[in-house]
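The opening residue of the sequence shown carries number 1 in full-length UniProt numbering; numbering runs sequentially from there.
Each residue gets a CB set at the ideal place from its N, CA and C atoms; glycine is no exception.
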Amino acid sequence: MSLRKRTGKVGVVGTGMVGTSFAYALMQRSLASELVLIDIDRARAEGEAMDLNHGLPFVRPMRIYAGDYADLADADLIVIAAGANQRPGETRLDLLGRNAAIFRDMIPAILAANHDGIIVVATNPVDILTTIAAQIAGSDANRVIGSGTILDTARFRYLLGQHYGVDPRSVHAYIVGEHGDSELALWSLANIAGVRLVDFVGANGQGYDQAALDAILEQTRNAAYEIIKRKRATYYAIGLGLLAIAEAVLRDQHTVMTVSSLMTGQYGVTDIAISLPTIVGRDGAEEVLNLPLSDHEVALFQRSANLLKEYLAQVS
1 MSLRKRTGKV GVVGTGMVGT SFAYALMQRS LASELVLIDI DRARAEGEAM DLNHGLPFVR
61 PMRIYAGDYA DLADADLIVI AAGANQRPGE TRLDLLGRNA AIFRDMIPAI LAANHDGIIV
121 VATNPVDILT TIAAQIAGSD ANRVIGSGTI LDTARFRYLL GQHYGVDPRS VHAYIVGEHG
181 DSELALWSLA NIAGVRLVDF VGANGQGYDQ AALDAILEQT RNAAYEIIKR KRATYYAIGL
241 GLLAIAEAVL RDQHTVMTVS SLMTGQYGVT DIAISLPTIV GRDGAEEVLN LPLSDHEVAL
301 FQRSANLLKE YLAQVS
């Protein structure tokens with residue numbers, strides 16, 4: 001458990017739609033006492049800070065301002081949402097070359113300013129960029145986590161809830177692996193209120209239907225592409241996902257979330273950041289859970305990790 005003094009300060013690097021959606025959600029939840037917005041376009045960060053400040057009479061008081069890396073010195077949490085945007089038809093991994101170069105300049109500057117805060121990477125391709133950030137952090141790699149498949153897991157739970165006619169908060173199911181095309185569902189552990197999907201009958205009378213469940217997984221995988229095709233970017237849901245991570249860290253909640261962190265042998269995987277159900281608290285990714293996956297799920301997880309390693313090798 002970290003003994004550092006908590007400041008209640010949060011930094012956001014990158015004031016595009018994802019960064020500002022998170023900042024807006026953070027302000028509404030009253031999780032922080034201070035929020036600094038940083039962007040290569042200083043005027044954009046200043047404008048976003050002004051806009052948020054004008055909403056403070058409707059929420060609890062806090063300090064919001066535009067700053068630079070030096071202002072991150074005493075931040076408890078730093079969310080990185082800076083980088084090139086995903087284009088229509090472009091996979092997350094297609095973004096790799098552009099954003100890897102940005103991170104190799106940005107991460108050392110952040111680490112030089114802040115020595116013990118938790119760093120949450122939200123920029124895509126998130127697993128590879130989380131790996132790069134963790135590698136640069138070296139002995140401080142445990143401070144770096146990625147948003148990983150938290151949004152994929154949320155989409156999966158929402159769609160399963162719709163299918164069975166239940167509140168998605170009652171659905172306990174995980175998407176793990178890469179945040180992208182090789183992600184997988186942990187069907188062997190999926191349940192609703194403790195009842196396995198194969199045995200569950202929903203409030204709408206819907207029972208087990210493997211074809212429908214396979215379609216739900218495909219919808220989950222393709223959700224971002226469908227949204228980008230219609231509105232060019234996704235940001236509201238991931239903003240709320242980042243809020244959930246922030247709340248788990250700032251309130252030391254020990255919440256189980258599918259964040260991305262550097263693997264150290266889990267299911268035979270090392271040296272790549274990838275998502276598994278993980279306990280998240282004030283020290284970041286505090287414990288990656290060792291769950292009884294099926295042999296098929298382990299094989300798919302290893303395949304996902306190996307695919308990420310292949311892409312990482314192209315920019316290492």
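The alpha-carbon separation between S33 and P61 amounts to approximately 7 angstroms. Closest option to L289, judged by alpha-carbon separation, among H296, V298 and I279: I279. Per DSSP, reduced to three states, the secondary structure at T130 is helical.
Annotated three-state conformation of G241 is helix, per DSSP.
The Cβ-Cβ distance between V10 and D76 falls below 8 angstroms.
When secondary structure is reduced to three states using DSSP, E46 falls in the helix class.
CA-CA distance, R157 to S316, rounds to 35 angstroms. Taken atom to atom, the span from the alpha-carbon of L56 to that of A49 is near 11 angstroms. The closest CA to that of L312, considering only A82, A101 and D68, is found on A101. In this structure E178 is in contact with L308, their Cβ atoms being roughly 6 angstroms apart against a cut-off of 8 angstroms.
Here DSSP, grouped into helix, strand and coil, assigns T270 to strand. In the displayed model, Y208 falls within coil according to three-state DSSP, outside both helix and strand.
Closest by C-alpha distance to A185, out of I107, R87 and I216, is I216. When the Cα atoms are used, I119 and V79 turn out to be separated by approximately 6 angstroms. Judged by DSSP in its simplified three-state form, T149 adopts coil rather than helix or strand.
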